[in-house]
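Chemist:
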Amino acid sequence: MVRIAGGDTIALDPELLRTVGENRRVVLEALTSGELVVYGVSTGVGRFAEYRLDAQDQAEHQYSLLAGRAVGSPPWLPAVDVRAVMAIKLRALLAPETGVSAPLCRYLAERLNDRLIAAVPRGGIGCAGEIIPLCHAFQPLVGLGQVLEDGTEVAAAAALRRRGVSPYRPGPKEGIALIEGSPVATMHAILRGSEARRVADWQLYALAATVDALGAPRAIYDSRLAGGVDDVLATVLDDVRRLSDGGMVRGEVVQAPVSVRVGPQALAHLRRVVDDLAGAAWRGLGVVTDSPAWMGREFVSTAGFHAAERGLRLDAVAAAVVHVAEISVQRMHRLLDDRYTGLSPQLAAAPGRQVGLAAVHKRAVGELQTMRRLTTPATLGSIDTSAGQEDVQAFACAAGEQLRAVIDGAFVVTACELIAAVQARWLRSVDPAPALRRLHEEVARAVPLITADRPLGGEIGRLATALRQSDSERHRLL
């Protein structure tokens, strides 16, 4: 999914499409036999589920389902997110429970490959499932709504014409299948989870670099302290020890500040909740989210759209990232304090004449304050909609957006701590631990050592972006 979201093309197995076609034939027979009542096909939806549709209304209903629910507006999801949503929906459509046609699956795959990017709202999603963003995401297939081309909104109908294709005309049950489910929540679980894992990776290096810069005692970073019952913590402890081995240890330091000592515990927790989120994403990909779902002999209205687990896991990751960032900001403050480092106050090359890194720390503090306000669980607070028919929401999309913002701040905080650790090591005039030397070189290349006051905002931003886009295993930032 991550590769497809990033731009990889896809190909559908002809045998799989044949199976989809055979299933579609059975579904159509069921839909046209007798007086079968099927939600969203022969009835209205939401509050209008009790309203029966005649044959003429049914013929137009699947198209109109994609028209009347596109009530969102900017900001729009990034292209990578939209592609992930399309891929997740395609995976669901290929399952027998949706009962859609092979031509719809093929058409959606082709639009993925020719990079049709719908304008999908990031916020204002107050529905029980995801009908608002999914209406925006898939109405361009039928020539409605807007798509994004180089960030500019363009009419979907015009974008299809330029591709030389006609709008798709949805058949029975295909419109409802496109707007049901919770692929946006699953997208956030996959992509935001991947980003949070990268935060954890770079925070490990920031912690090790600060331990090394402070000359802190290393004995505490011993996997045996995990007691043989916490493999995640044991791995983090070993990693900090491995990265900082061979660096200077200041013999006069009996015990480092708490922020330096508890970093592994916070990182271990972050890794665990990210793993939990990955599990929720996997279940989101496999569970039946279509409603109604074709269960072989009957159509069943389901609750697979309720992405509570993914939303709550996203909230949990946001809290864990903020906790890690809080500790990072505290460690950075210790780096600026000559009582803990034995270096010049605020890591200034010329104290008094220069401010040093005090303002860099304040930038991190400001980011953290914003992040803290985003830890209120987005998934709580259901409100009646559809005249009481839809009276519970998961708000998983909002949880994903909060985590996105938290992660943005975390990369800035991490960049600030790395800048401080590299500056401290330079002022100490001692080589860093061998395993951290390349990291120091890369950070100093991105943000040259601060020998005189200069504007650093742009450099901090570029380093934060480099961390987000980099390969932490190879210390390659740019």
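Position in the sequence shown counted from 1, then plus 10, gives you my numbering.
From the three backbone atoms N, C-alpha and C, an ideal C-beta is built for every residue, glycine too.
(1) Please identify the residue among GLY321, ALA21, HIS371, GLY273 whose C-alpha is closest to the C-alpha of ARG293.
(2) Contact check, SER233 vs ALA244 under 8 angstroms by CB: the rounded distance?
(3) Is LEU26 buried or exposed, if buried means 16 or more other CB atoms sit within 10 Å of its CB?
(4) Check for me: the alpha helix (DSSP H) holding GLU451 runs from which residue to which?
(5) Would THR389 and ALA409 be called neighbours here (beta carbons separated by less than 8 angstroms)?
(6) For ASP255, collect the residues of the same chain with a Cβ closer than 8 angstroms to its Cβ; drop the 5 residues on either side in sequence, then sort them by chain order.
(7) Spell out the partners DSSP gives PRO131 in its beta bridges.
(8) DSSP state of ALA303, grouped into three classes?
(9) Are the beta-carbon atoms of LEU344 and SER269 separated by less than 8 angstroms?
(10) Which residue spans inside the stretch 141 to 210 form an unbroken beta strand (DSSP E) run of at least 3?
(11) How is the alpha helix (DSSP H) around ASP325 delimited, first residue to last?
(12) Output needed for PRO24: all residues of its chain with C-beta closer than 6 angstroms, excluding positions within five of it in sequence on either side, in chain order.
(13) Any idea what DSSP makes of ARG125, helix, strand or coil?
(14) If I follow the unbroken alpha helix (DSSP H) through SER311, where does it start and stop?
(15) Below 8 angstroms on the Cβ atoms is my contact criterion, and I expect CYS407 with ILE135 to pass it. Report the Cβ-Cβ distance as a whole number of Å.
(16) Please return the same chain residues whose Cβ sits closer than 8 angstroms to the Cβ of PRO274, not counting the five positions on each side in sequence.
(17) Just how far apart, CA to CA, sit TYR117 and GLY181?
(18) Mind checking whether LEU280 and ALA330 have CB atoms under 8 angstroms apart?
(19) Going by DSSP, what residues sit across from GLU400 in a beta bridge?
(20) Are the C-beta of ALA166 and some C-beta of chain B separated by less than 8 angstroms?
(21) Please go through the same chain and pick out, in chain order, the residues whose beta-carbon is closer than 8 angstroms to the beta-carbon of VAL259, but skip the five residues on each side of it.
(22) Measuring alpha carbon to alpha carbon, tell me which of LEU46, ALA77, ARG173, SER192 ends up nearest GLU319.
(23) Applying the criterion that 16 or more other CB atoms from any shown protein chain within 10 Å of the CB defines a buried residue, is ASP18 buried or exposed?
(24) Taking DSSP as the reference, what is the three-state secondary structure of ARG251?
(25) Can you tell me the Cβ-Cβ gap for ARG202 and ILE14, rounded? I've got them flagged as a contact below 8 angstroms.
(26) For the alpha helix (DSSP H) containing GLY294, name the first residue and the last one.
(27) Going straight from the alpha carbon of ARG383 to that of MET305, what length do you get?
(28) Under 8 angstroms by Cβ, that's how I've got ARG285 and GLY257 pegged, so tell me the actual separation to the nearest angstrom.
(29) Between the stretch 137 to 156 and the stretch 75 to 87, do at least 3 Cβ pairs fall closer than 8 angstroms?
(30) Can you have a look at ARG307 and say buried or exposed, based on whether 16 or more other CB atoms are within 10 angstroms of its CB?
(31) Is it a yes or a no for the stretch 460 to 467 touching the stretch 355 to 365, going by three-plus beta-carbon pairs under 8 angstroms?
(32) When the Cα atoms are used, what is the spatial distance from ILE127 to GLN479?
(33) When DSSP builds the beta bridges, which residues end up paired with PRO361?
(34) Taking buried to mean at least 16 other C-beta atoms within 10 Å of its own C-beta, is GLY296 buried or exposed?
(35) Report the option in SER176, VAL402, THR386 whose CA atom is closest to the CA atom of SER392.
(36) How is THR53 classed by DSSP in three states: helix, strand or coil?
Modeler: On the basis of the supplied data:
(1) GLY321
(2) About 4 angstroms separates the two Cβ atoms, so the contact holds.
(3) Taking all protein chains shown into account, LEU26 has fewer than 16 neighbouring C-beta atoms within 10 Å of its C-beta and is therefore exposed.
(4) 447 to 456
(5) Closer than 8 angstroms, so yes.
(6) Taken in chain order, the residues that qualify are ARG228, ALA443, PRO444, ALA445.
(7) TRP86
(8) In the three-state DSSP reduction, ALA303 falls in the strand class (E or B).
(9) Sequence inspection shows Arg at residue 344; the Leu mentioned does not correspond to that position. Yes. Within cutoff.
(10) 156 to 159, 162 to 165
(11) It spans 318 to 345 - the alpha helix (DSSP H) in which ASP325 sits, taken as one unbroken run.
(12) none
(13) In the structure shown, ARG125 sits in coil (DSSP, three-state: anything other than H, G, I, E or B).
(14) First-last for SER311: undefined, no H or E at that position.
(15) 5 angstroms
(16) LEU217, TYR231, LEU243, VAL246, LEU247, VAL250.
(17) 13 angstroms
(18) yes
(19) THR395
(20) No chain B appears in the structure shown, which is made up of a single protein chain.
(21) Closer than 8 angstroms at the Cβ level, and outside the excluded window around VAL259, lie GLY225, ALA226, PRO227, ARG228.
(22) SER192
(23) exposed
(24) helix
(25) Not quite, the Cβ-Cβ distance comes to about 17 angstroms (not below 8 angstroms), so this is no contact.
(26) 273 to 296
(27) 44 angstroms
(28) Reading off the sequence, residue 285 comes out as Asp, not Arg. Actually they are not in contact, since the Cβ atoms of ASP285 and GLY257 sit about 30 angstroms apart, beyond 8 angstroms.
(29) yes
(30) exposed
(31) yes
(32) 22 angstroms
(33) GLN364
(34) exposed
(35) VAL402
(36) Residue state for THR53 is assigned as strand, using DSSP reduced to three classes.
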